[in-house]
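A.B. asks: Okay, handing you the structure first.
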Amino acid sequence: MELIFLGTSSALPTTKRNHSAIALKAFGEVMLFDCGEGTQRQMTHLKLSPMKINQIFITHLHGDHFLGLPGLIQSMAFRGRKNSLHIYGPEGIIKTVENIKNLGYYSLSFPINAHEIRGINEGIIRETEEYIIKSCPMQHSIPNLAYSVEEKRSPKFQKDKALELGLKPGPDFGKLQRGISVEVNGKIIKPAEVLGEKRKGRKFVYSGDTRPCAEMVKFAYQADVLIHESTFDSAQEDKALKTGHSTSTHAATIAKEAEVSNLILFHMSTRYRDSDMLKKEAKEIFQKVTVAEDYMVFEVKKHD
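In terms of the numbering used here, the sequence shown opens at residue 12 and continues consecutively.
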């Protein structure tokens with residue numbers, strides 16, 4: 012599971028930071044979280060193909076988080092894409108996607124399905140056999156969604172116990188691992204008899220733009236990685252709160268209260284040419300802090 016940072020700036024791009032965009036490479040997929048202007052060009056630097064993206068998750072409808080969609084979609088069509096593209100976002104995303112479809116002259120060669128998330132509480136928006144994706148409203152100047160991706164892990168198969176019960180390696184092992192009971196010598200063996208305790212999967216959370224709030228502490232609880240916006244330093248706290256943003260100390264406090272393993276500071280204001288100050292402030296509260304940089308790849312390591 013890799014987090015690939017395609018853009019890490021706030022409202023304006025700089026020579027070193029593009030608009031917000033993060034790719035998650037996992038489960039044989041590439042998922043995109045936000046799509047600021049220029050995202051597809053950033054992808055070329057890391058040899059990430061837009062054709063491999065089937066799901067895009069937009070946190071909110073400020074331009075620096077979604078204006079890369081028109082170009083990305085038109086490039087997909089130009090390359091002859093046929094697979095469906097699913098775009099998730101807050102209220103207004105359906106209208107936005109419809110406008111993008113009719114922007115300029117090009118032939119759309121594939122279906123685009125926009126999914127508007129209107130729930131007021133934490134909720135599952137997609138679930139497969141391998142992962143669960145949830146969203147939760149945060150507190151910004153306009154509706155903003157945080158997203159989480161959590162890996163599903165099956166309990167460890169206890170081979171010794173299975174052999175003791177008379178099972179032989181083969182298809183029955185696989186059935187039990189998938190939760191299906193099997194019959195051996197007239198006796199039914201249930202999965203619980205050969206499976207260990209439930210194992211925790213990897214989890215990452217992305218805040219989008221938000222002022223500090225209790226919702227994030229709950230939503231990010233014990234995440235392996237929390238990517239939290241850090242638009243300002245602590246001296247700019249009043250401005251941060253007024254504009255619906257967070258400081259580096261806010262992000263660190265949330266990381267500490269949520270008991271996350273790693274905090275990545277994201278969405279820095281262009282006023283900070285050197286991000287060391289933001290990192291230093293955050294580390295006074297929470298130790299495992301990384302400042303996101305464009306083209307940075309962060310591996311979310313497997314649990315034991």
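A virtual CB, placed ideally from N, CA and C, is assigned to each residue, including glycine. The structure presented is a predicted model; accordingly, all values stated were derived computationally and were not measured.
Between the C-alpha atoms of S259 and V302, what's the straight-line distance to the nearest angstrom?
C.D. replies: As a first step, residue 259 must be located in the sequence shown, where it is residue number 248. As a first step, residue 302 must be located in the sequence shown, where it is residue number 291. Whole-angstrom Cα-Cα distance: 10 Å.
A.B. asks: Mark P51 as exposed unless 16 or more other C-beta atoms lie within 10 angstroms of its C-beta, in which case mark it buried.
C.D. replies: Position 40 of the sequence shown holds residue 51. Residue 51 is actually Gln in this sequence, not Pro. Buried, since its Cβ has 16 or more Cβ neighbours within 10 Å.
A.B. asks: For A266, which of helix, strand or coil comes out of DSSP?
C.D. replies: Your numbering for residue 266 matches position 255 in the sequence shown. In the structure shown, A266 sits in a helix (DSSP, three-state: H, G or I).
A.B. asks: To the nearest angstrom, how far is it from the Cα of I84 to the Cα of K179?
C.D. replies: If you number the sequence shown from 1, residue 84 lands on position 73. If you number the sequence shown from 1, residue 179 lands on position 168. If you take the alpha carbons of I84 and K179, they lie about 51 Å apart.
A.B. asks: From which residue to which residue does the beta strand (DSSP E) around S159 run?
C.D. replies: The residue labelled residue 159 in the question sits at position 148 within the sequence shown. Where S159 is concerned, the enclosing beta strand (DSSP E) stretches over L156 to E162.
A.B. asks: Is E102 helix, strand or coil when you go by DSSP?
C.D. replies: In the sequence shown, the residue the question calls residue 102 occupies position 91. Note: E102 maps to coil in three-state DSSP.
A.B. asks: If you pair each beta-carbon of the region 115-123 with each one of the region 16-35, do three or more pairs fall below 8 Å?
C.D. replies: Output reads no: the region 16-35 does not touch the region 115-123.
A.B. asks: Counting Cβ pairs, one atom from each stretch, are 3 or more of them under 8 Å apart for the region 147-167 and the region 207-223?
C.D. replies: Flag = yes, the region 147-167 and the region 207-223 touch.
A.B. asks: What is the DSSP secondary structure of N65, reduced to helix, strand or coil?
C.D. replies: Translated into the one-based positions of the sequence shown, residue 65 becomes position 54. Here N65 sits in strand by DSSP.
A.B. asks: Take K3 as the anchor and find which of G74, G115 and K63 has the nearest alpha-carbon.
C.D. replies: This structure cannot speak to residue 3, because the chain is shown only from 12 to 315.
A.B. asks: Can you give me the Cβ contacts of K209 inside the same chain, cut-off strictly under 6 Å, excluding the 5 residues immediately before and after it?
C.D. replies: The sequence position of residue 209 within the sequence shown is 198, counting from 1. Result list for K209: P166, in chain order.
A.B. asks: For H73, is the classification buried or exposed, using 16 other Cβ atoms within 10 angstroms of its Cβ as the cut-off for buried?
C.D. replies: Here the question's residue 73 lines up with position 62 in the sequence shown. Label assigned to H73: buried.
A.B. asks: Between P223 and H261, is the Cβ-Cβ spacing less than 8 Å?
C.D. replies: In the sequence shown, residue 223 corresponds to position 212, counting from 1. In the sequence shown, residue 261 corresponds to position 250, counting from 1. It is a contact, given that the beta carbons lie within the stated cut-off.
A.B. asks: Please return the same chain residues whose Cβ sits closer than 6 Å to the Cβ of L176, not counting the five positions on each side in sequence.
C.D. replies: In the sequence shown, counting from the first residue as 1, residue 176 sits at position 165. Excluding positions up to five away in sequence, the list reads I200.
A.B. asks: Quick one: Cα of L43 to Cα of Q169, how far?
C.D. replies: Against the sequence shown, residue 43 aligns to sequence position 32. Against the sequence shown, residue 169 aligns to sequence position 158. Taking the straight line from one Cα to the other gives about 37 Å.
A.B. asks: Counting C-beta neighbours from all protein chains within 10 Å, is the total for H56 16 or more, i.e. buried, or is it exposed?
C.D. replies: Here residue 56 refers to the residue found at position 45 when the sequence shown is read from its first residue. The residue in question, H56, is exposed, as its Cβ has fewer than 16 Cβ neighbours within 10 Å.
A.B. asks: State the DSSP-derived secondary structure class of M12, mapped to helix, strand or coil.
C.D. replies: In the sequence shown, residue 12 corresponds to position 1, counting from 1. Of the three classes helix, strand and coil, the one that applies to M12 here is coil, per DSSP.
A.B. asks: When DSSP labels each residue in this structure, what does K27 get in the three-state scheme?
C.D. replies: Mapped onto the sequence shown, residue 27 falls at position 16. Here K27 sits in coil by DSSP.
A.B. asks: Measure the Cβ-Cβ separation of E162 and G212 and say whether it is below 8 Å.
C.D. replies: Reading the sequence shown from its first residue, position 151 is the one you call residue 162. Reading the sequence shown from its first residue, position 201 is the one you call residue 212. In contact: E162 and G212 (Cβ atoms closer than 8 Å).
A.B. asks: Leaving out five residues on either side along the sequence, give the residues of the same chain with a beta carbon under 6 Å from the beta carbon of A125.
C.D. replies: By 1-based counting over the sequence shown, the position of residue 125 is 114. If we look at A125 and ignore the five residues flanking it on each side, its Cβ neighbours are I98, I104, I105 and V108.
A.B. asks: Determine contact between the region 227-237 and the region 182-193, defined as no fewer than three beta-carbon pairs at a distance below 8 Å.
C.D. replies: Not touching, per the Cβ criterion.
A.B. asks: If distances are taken between C-alpha atoms only, which option among T254, R282, F243 and D305 comes closest to E292?
C.D. replies: Along the sequence shown, read from residue 1 onward, the residue named residue 292 stands at position 281. Among T254, R282, F243 and D305, the Cα nearest to that of E292 is on F243.
A.B. asks: Please report how far the alpha carbon of I69 lies from the alpha carbon of E295, in whole angstroms.
C.D. replies: Residue numbering aside, residue 69 sits at position 58 when the sequence shown is read from its first letter. Residue numbering aside, residue 295 sits at position 284 when the sequence shown is read from its first letter. Their backbone Cα atoms lie some 31 Å apart in a straight line.
A.B. asks: Where does L252 sit, in a helix, a strand or coil, going by DSSP?
C.D. replies: Taking the first residue of the sequence shown as 1, we reach residue 252 at position 241. Note: L252 maps to helix in three-state DSSP.
A.B. asks: Grab the span of the alpha helix (DSSP H) containing G82 for me, first residue to last.
C.D. replies: Looking up residue 82 in the sequence shown gives position 71. Per DSSP, G82 belongs to the alpha helix (DSSP H) from L80 to F89.
A.B. asks: Look at the alpha carbon of F230 and the alpha carbon of D315, and state the distance between them as a whole number of angstroms.
C.D. replies: Walking along the sequence shown from the start, residue 230 turns up at place 219. Walking along the sequence shown from the start, residue 315 turns up at place 304. Approximately 23 Å between the Cα atoms of the pair.
A.B. asks: Could you check what DSSP says for G49 in three-state terms: helix, strand or coil?
C.D. replies: Against the sequence shown, residue 49 aligns to sequence position 38. Of the three classes helix, strand and coil, the one that applies to G49 here is coil, per DSSP.
A.B. asks: Taking DSSP as the reference, what is the three-state secondary structure of H278?
C.D. replies: Position 267 of the sequence shown, counted from the first residue, corresponds to residue 278. Residue state, collapsed to three classes: coil.
A.B. asks: Once the 5 residues before and after L114 are set aside, which same chain residues still bring their CB inside 6 Å of it?
C.D. replies: Residue numbering aside, residue 114 sits at position 103 when the sequence shown is read from its first letter. If we look at L114 and ignore the five residues flanking it on each side, its Cβ neighbours are P81.
A.B. asks: Compute the Euclidean distance between the alpha carbons of R284 and A37, then round it to the nearest angstrom.
C.D. replies: Position 273 of the sequence shown, counted from the first residue, corresponds to residue 284. Position 26 of the sequence shown, counted from the first residue, corresponds to residue 37. Taking the straight line from one Cα to the other gives about 32 Å.
A.B. asks: Taking all protein chains shown into account, do 16 or more other C-beta atoms lie within 10 angstroms of the C-beta of Y158, making it buried, or fewer, making it exposed?
C.D. replies: Taking the sequence shown and counting its residues from 1, one reaches residue 158 at position 147. Y158 is buried by the Cβ-count criterion.
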